[in-house]
Amino acid sequence: MGRRIFFEAARTLVAIGVALLLALVIIFAVSEDPRFALYHFIVAPLTTTRYIGNILEMSVPLIFTGLAMSMMFTAKQFNLGAEGGFFIGAVAATGVAISFEMPPIILPIFAIAAGGIAGGLGSTVPAVLKAKLNASELVSSLMLNFILFWFGIFIINNYFRDEMAGAMASYRLNPDARLIRILPGTRLHFGFIIAIIFVFLVYLFLFRTKWGYALRMTGQNIKFAEYSGINTTAVIIYSQIIGGVLAGIGGAVELLGMYSRFTWFQSPGYGWDGVIVAIMSRNNPLLIPVFAIFLGYLRIGADVMARFSDVPSEVVAIIQGIMIMLVTAERLLAGWKHRVVVKEQMKLEAQKNGGVSNG
Numbered sequence: 006m007g008r009r010i011f012f013e014a015a016r017t018l019v020a021i022g023v024a025l026l027l028a029l030v031i032i033f034a035v036s037e038d039p040r041f042a043l044y045h046f047i048v049a050p051l052t053t054t055r056y057i058g059n060i061l062e063m064s065v066p067l068i069f070t071g072l073a074m075s076m077m078f079t080a081k082q083f084n085l086g087a088e089g090g091f092f093i094g095a096v097a098a099t100g101v102a103i104s105f106e107m108p109p110i111i112l113p114i115f116a117i118a119a120g121g122i123a124g125g126l127g128s129t130v131p132a133v134l135k136a137k138l139n140a141s142e143l144v145s146s147l148m149l150n151f152i153l154f155w156f157g158i159f160i161i162n163n164y165f166r167d168e169m170a171g172a173m174a175s176y177r178l179n180p181d182a183r184l185i186r187i188l189p190g191t192r193l194h195f196g197f198i199i200a201i202i203f204v205f206l207v208y209l210f211l212f213r214t215k216w217g218y219a220l221r222m223t224g225q226n227i228k229f230a231e232y233s234g235i236n237t238t239a240v241i242i243y244s245q246i247i248g249g250v251l252a253g254i255g256g257a258v259e260l261l262g263m264y265s266r267f268t269w270f271q272s273p274g275y276g277w278d279g280v281i282v283a284i285m286s287r288n289n290p291l292l293i294p295v296f297a298i299f300l301g302y303l304r305i306g307a308d309v310m311a312r313f314s315d316v317p318s319e320v321v322a323i324i325q326g327i328m329i330m331l332v333t334a335e336r337l338l339a340g341w342k343h344r345v346v347v348k349e350q351m352k353l354e355a356q357k358n359g360g361v362s363n364g
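Using the working numbering, the final residue of the sequence shown is 364, and nothing's skipped along the way.
Below, the structure is given as structure tokens:
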């Protein structure tokens with residue numbers, strides 16, 4: 006187990022290193038002043054409280070969607086519905102935040118809970134189709150993303166749209182529903198603390214409960230799990246529903262922390278970012294915040310670089326693509342791993358033979 010974790014970590018670090026190296030090559034190739042561009046890409050995001058706050062606030066939705074995707078991927082359920090769950094969760098939170106009057110602490114809790122319920126209900130459809138009809142959760146969840154998006158737009162346009170707003174937007178959210186700021190001079194909000202709490206909750210669920218054990222066993226070998234008495238049908242369903250709940254909570258937290266109105270009339274894309282975070286973290290909940298913050302750092306760095314230099318921010322998309330390709334490449338470092346394993350095995354054999362000879 007320890008050796009496997011070591012090689013997975015090494016492969017991830019090599020992937021990141023190669024991607025960053027290629028990014029440097031691109032920057033040197035397209036920029037008239039590459040040193041200036043590199044400074045703003047790598048160093049500048051860490052030089053001010055505002056930039057650091059930007060990185061952390063950007064990591065919040067990535068943590069939630071990363072947790073959602075890792076929950077489903079751990080069970081080997083390739084449900085890509087986090088995007089729709091995130092969006093409909095924000096819509097549900099909007100409805101609660103506009104429609105109800107509650108104390109400042111209670112209202113955001115209800116709004117976030119509504120977002121989680123909406124996201125969970127959305128993921129129920131592909132989960133049940135997979136469990137009962139063996140329908141591909143990949144296809145059904147992708148189709149459901151469009152359904153949830155347009156259903157959410159319908160709800161906002163017909164029930165919560167502010168006709169007096171200059172652009173398409175909902176009524177203003179109840180100020181009591183907004184999440185408080187926790188870092189002066191930035192927009193970093195209490196949602197970051199909520200995200201970290203959910204990281205530990207997901208970890209405890211996966212590694213300290215019988216349901217988490219069943220989920221992990223089903224993901225590793227569904228036939229073995231069935232022979233062991235695990236209800237794999239239930240695992241298929243609840244793993245995807247929990248993933249949807251996490252995505253919906255993420256949408257609600259992002260909305261209540263960063264916006265005064267619902268203004269998403271195109272998909273925000275955080276569900277797809279969650280796939281990247283889950284893959285980079287190898288579905289380890291404790292590593293998800295690390296890679297979410299790293300991805301936020303890359304994006305803020307790319308934005309700063311684009312503002313102050315002649316290098317476009319799209320360079321970060323190249324970095325992401327290269328990292329994902331290399332991390333998922335099973336043959337990366339396979340030769341090194343094989344040599345290390347053989348060397349250790351030969352060492353053990355030599356020690357064993359030496360012990361026999363001495364005896």
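Don't be surprised by glycine CBs; every beta carbon is placed ideally from N, CA and C.
In terms of CA proximity to A140, I242 leads the group A283, I122, I242 and I235. The criterion of a C-beta distance shorter than 8 angstroms is satisfied by F83 and E142. Within a 10 Å sphere around the beta-carbon of Q245 sit 16 or more other beta-carbons, which makes this residue buried. Straight-line measurement puts the Cα of G276 at about 17 angstroms from the Cα of I158. CA-CA distance, I117 to L25, rounds to 37 angstroms.
Taking 8 angstroms as the cut-off, the beta carbon of L149 is found closer than this to the beta carbon of G89. Within the same chain, H194 and F195 come within 7 angstroms of I185 by CB-CB distance, once the 5 residues on both sides are set aside. Taking all protein chains shown into account, Y232 has fewer than 16 neighbouring C-beta atoms within 10 Å of its C-beta and is therefore exposed. In the DSSP assignment, the residues bridged to R166 are S175.
Listed in chain order, the non-local C-beta contacts of G274 below 8 angstroms within the same chain comprise E88, local neighbours out to five positions each way being set aside.
Taken in chain order, the complete alpha helix (DSSP H) segments of 4 residues or longer contained in the region 208-271 are 215-225, 227-232 and 237-263.
DSSP lists R186 as the beta-bridge partner residues of H194. The residues D181 and A182, in chain order, have a CB closer than 6 angstroms to that of L112 in the same chain once the five nearest residues on each side in sequence are set aside. In summary, K215 is exposed, with fewer than 16 beta-carbon neighbours lying within 10 Å of its beta-carbon over all protein chains present. With fewer than 16 other Cβ atoms inside 10 Å of its own Cβ, F229 counts as exposed.
For the options D38, P290, P66 and I93, the alpha carbon positioned closest to that of F270 is the one of I93. Taken through DSSP and simplified to helix, strand or coil, F92 comes out as helix. Annotated as distal: V204 and P66, with beta-carbon spacing of 8 angstroms or more. Following the DSSP letters along the chain, one finds Y44 in no alpha helix (DSSP H), marked with neither H nor E. As the crow flies, the alpha-carbon of T223 is around 16 angstroms from that of N289.
Short of 7 angstroms from the beta carbon of V240, and not among the five residues preceding or following it, lie these beta carbons of its own chain, in chain order: A80, A219, L220 and T223. Beyond the five residues adjoining it in sequence on each side, M310 comes within less than 6 angstroms, by CB distance, of A42, H45, F46 and V316 in the same chain, given in chain order.
Shown here for A123: same chain residues with a beta carbon closer than 6 angstroms to its own, the five before and five after excluded, namely I93, G94, A97 and G253 in chain order. Listed in chain order, the non-local C-beta contacts of T129 below 8 angstroms within the same chain comprise I242, Q245, I246 and G249, local neighbours out to five positions each way being set aside. The closest CA to that of L51, considering only R304, I329 and M107, is found on R304. Between I103 and N162, the C-beta gap is not smaller than 8 angstroms, which leaves the two residues out of contact. Per the C-alpha coordinates, the member of R192, L209 and S265 positioned closest to I60 is R192. When the Cα atoms are used, E62 and F197 turn out to be separated by approximately 7 angstroms. For L211, the CB contacts under 6 angstroms within the same chain, skipping 5 residues up- and downstream, are G217 in chain order. Beyond the five residues adjoining it in sequence on each side, R55 comes within less than 8 angstroms, by CB distance, of G190 and T191 in the same chain, given in chain order. Rounded to whole angstroms, the Cβ separation of F165 and G120 is 14 angstroms, and the two are not in contact under 8 angstroms.
In the displayed model, K135 falls within a helix according to three-state DSSP. For V316, the secondary structure class from DSSP, reduced to helix, strand or coil, is coil. DSSP, reduced to helix, strand and coil, places P290 within a helical segment of the structure shown. Within the model, the alpha-carbon separation for L292 versus I298 is close to 10 angstroms.
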